[in-house]
Each structure stands twice: as structure tokens, then as C-alpha cells.
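For reference, the structure discussed in these notes is given below.
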Amino acid sequence: MPSYDFVTVDVFTDQRFGGNPLAVFPNAAGLTDAQMQSIAAEFNLSETTFVLPPDNPRNHAKVRIFTPRGELPFAGHPNVGTGFVLAGQDPNPPEHYTFEELAGLVRVHILRGTDKAISGARISAPRSLTISDGVPTEVIAACAGLSVNDILTNAHTPLIASVGTAFVIAEIASLEALARAQPNIAAFQQASAQFPGLELRFALHLYVRRDGDATTLRTRMFAPLAGVMEDPATGAANAALSALLTSLAPGEDVALHFEIEQGIEMGRPSLIIGGARKTAEGAVLATVAGSCVPVMRGTLTV
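Heads up, the sequence shown is in the numbering used here, so the first residue is 31 and it goes up one at a time.
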């Protein structure tokens, strides 16, 4: 029976058992789609990644990303963690990796600490910001177990935004209200019926401006229909949020950096450094970066 080595890392943290855990299979050639999905369900983490040979030899790898219930076109912490793992296993790692994913090409820049040791990665989202349907505040409140008064709409109404994977994004009035949020699965099921394009990916990303600062945020992300009741650190959602807030900033040529906390309420504190730039041409491009800590390694037989 074939065996496959795996590594787990905690992403968007410099402390073991913080951040968002990720399982990486660095050499997954030979696994079928069904096996990858079954393995992701077995690990039952927010995501598991499988590294395959690239279709184009100019790129470094094809990376497939699975939640316990389905495949994602792009996600943030899986790319940060996978880049960290591959660089750590390479005796002479490149400064950048290019991953082929369903959403497009993802560029991964390897980060090093003051001691030159590999410490994490910064990724560029594969697509520029897109904004689609607005979502009624009543739907957000029902899904998050909050009142409509807890949802702010002065900067923007709740909406669907994406830089590779779509998220419903809503601003919350206070840290206290954010801490009270609890996903209501029945409400998520009803909401997914209203927005059939999202279906299992009716993923709700809530944020608060800490101390009123538009670039210092705390977030929570719920995606119960995808098997993720709450995510400790969501790179793709925070990349979309960074791009959205940058798109709303005054001026035509603007670059902003964001310090984003997540996972606090789960006891898995995470720190995500978001960035986005908009130009007069209109495109808004985003990055997310963070540290990683290795946790486990092993072998799985299929």
C-alpha cells in the first residue's frame, strides 16, 4: 500500500499551538481526488494541501487545497504554510515560489528572520479584487447570532468580495459584539439558498476596527457549511478585506498595510499582515504574510 509523508505547521503565529494548523503533503503525486478529499476529512483541519508536479515547468508546483468537505480555488494560510514547508525541505530554496492553483498563479515570497532562518511567507493573491452581491444586514445578523444594530453599514454594506475565493464581509460595531458572534447553521443554510453561487462557501468574515483604526483590525470567520465552524486565521478572507478597505480609501494611487488579529476567541491567537494597493487603472491587488511554526510530521498509508 502506498505511503505519503506529511507535515503539520501552525500558520500566522510564532508560537506552537497558536495560529491556524495546516497539514501539507509535499509529494502527493499518485493520490486521486477522492483520496485527497478523504485525507482532508480525516485530518479535519480548516485546510490540507497536496503538492503535485506543475503543469508548466516554469512554475514550482501545483497545489491543491481541500477543506473537510470540498476543494478551494485559493486560500491564504495553506499557501503561506506550504511555502514555508517546501522551503524548509529544500537545501537551497528559491526566494520565491510560483504555485499553480484553480484560481490562477500564486506567488509565494519566503520570509527569513534576523538569524536568516526561514520564518514564514508572504503571498500575492491570484486575482484583483472583485465585489459582487450585497447581503442584507438581517442575513448577517441571523448567521452570526447578532442583532442588526451590531452590523455597521456606514463604510460599506455587507457584501461578497474575492481575490480568488469569495467571502461575505461585514463590519461589526464593537469587539464586544464580535466576541458574542456564534454561527447559526440553520441561518447559514437559508442564506446559502438565497445566494446559490456560494452554496457551501457561504463563508462569513466579520471584522472590527480596533480603537477606530482602519488598518488595525480583529476578525472572525465562520464557514460551517464547508466543515469549518470557525477558522483561527483566514488569509484569503483577510486579503479580500485588505483589498476592500483599500478600494474605499480616498485617492487613486493608494497602498495600505493592515495588522489583523484573528483566532483570539478560539484561544488560537493569530497575526496576519495584510497589504493592498490600488491604482488609477482601478485594479486592487492584495497580499498576506505571516510566520509559521512546525508541529508534527508523519506518514499516511492509503
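Virtual Cβ for every residue (Gly too), placed ideally from N, Cα, C.
For residue j and residue i, the rounded distance between their alpha carbons
i      : j      : result
Glu229 : Ala196 : At Glu229 the pLDDT is 49, less than 50, meaning the model places this residue with poor confidence; the figure from the coordinates comes in the next sentence. Those two C-alpha atoms are separated by around 11 Å.
Asn179 : His235 : 17 Å
Phe114 : Leu135 : 17 Å
Thr245 : Ile190 : 20 Å
His186 : Gln220 : 23 Å
Asn57  : Arg88  : 18 Å
Pro123 : Ala200 : 39 Å
Val341 : Asp243 : This structure cannot settle anything about residue 341, because the visible part of the chain is limited to 31 through 332.
Pro333 : Gly304 : Shown here, the chain extends from 31 to 332; a query on residue 333 therefore has no answer.
Gln65  : Gly143 : 36 Å
His90  : Lys146 : 22 Å
Ala333 : Gln67  : Any answer about residue 333 is impossible in this case: the structure gives the chain only from 31 up to 332.
Asn268 : Phe288 : 9 Å
Thr128 : His107 : 15 Å
Leu275 : Lys308 : 10 Å
Asp241 : Thr62  : 48 Å
Gly293 : Glu282 : 33 Å
Gly297 : Ser204 : 19 Å
Pro84  : Val138 : 15 Å
Thr183 : Gly227 : 24 Å
Within 8 Å, strictly: CB atoms of residue i and residue j
i      : j      : result
Ala53  : Thr43  : no
Pro262 : Asn50  : yes
Phe55  : Phe73  : no
Glu260 : Arg250 : yes
Val238 : Leu208 : yes
Ile148 : Ile181 : no
Val325 : Asp40  : yes
Leu301 : Gly320 : yes
Ala155 : Ala279 : no
Ala71  : Pro32  : no
Ser272 : Ala306 : yes
Val323 : Gln45  : yes
Met111 : Pro299 : First, the amino acid is wrong: residue 111 is Gly here, not Met. Contact: no.
Glu163 : Phe218 : Per the sequence shown, residue 163 should be read as Asp rather than Glu. No.
Cut-off 7 Å between Cβ atoms - residues of its own chain near residue i, not counting five sequence neighbours on either side
i      : result
Ala105 : Glu77, Ile95, Thr195, Gly265 and Ala266
Ile69  : Thr78 and Leu330
Asp120 : none
Leu176 : Ala207, Arg210 and Ala211
Val258 : Ser76 and Thr97
Residue i: first and last residue of the uninterrupted alpha helix (DSSP H) it sits in
i      : result
His107 : Gly106 to Gln119
Ala270 : Gly265 to Leu278
Asp163 : Looking at the DSSP string, Asp163 is not in any alpha helix (DSSP H); the run it does join, the beta strand (DSSP E), is Thr160 to Gly164.
Thr167 : Thr167 to Ala174
Asp1   : Only positions 31 to 332 of the chain appear in the structure, and residue 1 is not among them; the question remains open.
Chain-order list of residues whose beta-carbon lies under 8 Å from that of residue i (same chain, five-residue window excluded)
i      : result
Ala313 : Ser158 and Leu159
Asn86  : Glu130
First through last residue of the beta strand (DSSP E) which encompasses residue i
i      : result
Met326 : Val314 to Thr331
Leu52  : Asn50 to Phe55
Leu135 : Gly134 to Arg142
Ala253 : Thr246 to Ala253
Leu301 : Ser300 to Lys308
Met296 : Taken as a continuous stretch (DSSP letters only), Met296 belongs to no beta strand (DSSP E), as it is neither H nor E.
Ala91  : Ala91 to Phe96
Gln212 : Neither: Gln212 is in no beta strand (DSSP E) and is coded neither H nor E.
Gln45  : First-last for Gln45: undefined, no H or E at that position.
Asp261 : Val258 to Asp261
Glu289 : Val284 to Gln292
Ala147 : Premise fails: Ala147 is in no beta strand (DSSP E) and is neither H nor E.
His186 : Taken as a continuous stretch (DSSP letters only), His186 belongs to no beta strand (DSSP E), as it is neither H nor E.
Thr195 : Run containing Thr195: none; DSSP gives neither H nor E here.
Phe129 : His126 to Glu131
Phe80  : Thr78 to Leu82
Cβ distance (whole Å) where residue i is taken to contact residue j below 8 Å
i      : j      : result
Leu116 : Val165 : So it is not a contact: roughly 37 Å between Cβ atoms.
Ile140 : Glu130 : Wrong, their Cβ atoms sit about 18 Å apart, outside the cutoff.
Gly100 : Ala270 : Going by Cβ atoms, the distance from Gly100 to Ala270 rounds to 19 Å, so no, they are not a contact pair.
Phe232 : Val198 : 7 Å
Ile153 : Val318 : 6 Å
Pro213 : Ala174 : 7 Å
Same chain, Cβ closer than 6 Å to residue i, five either side skipped, listed in chain order
i      : result
Leu132 : Pro103
Val291 : First, the amino acid is wrong: residue 291 is Glu here, not Val. So the qualifying residues of the chain are Arg248.
Glu295 : Ala209
C-beta neighbour in chain D for residue i, strict 8 Å
i     : result
Met66 : Going by chain labels, chain D is absent from the structure shown, which holds only one protein chain.
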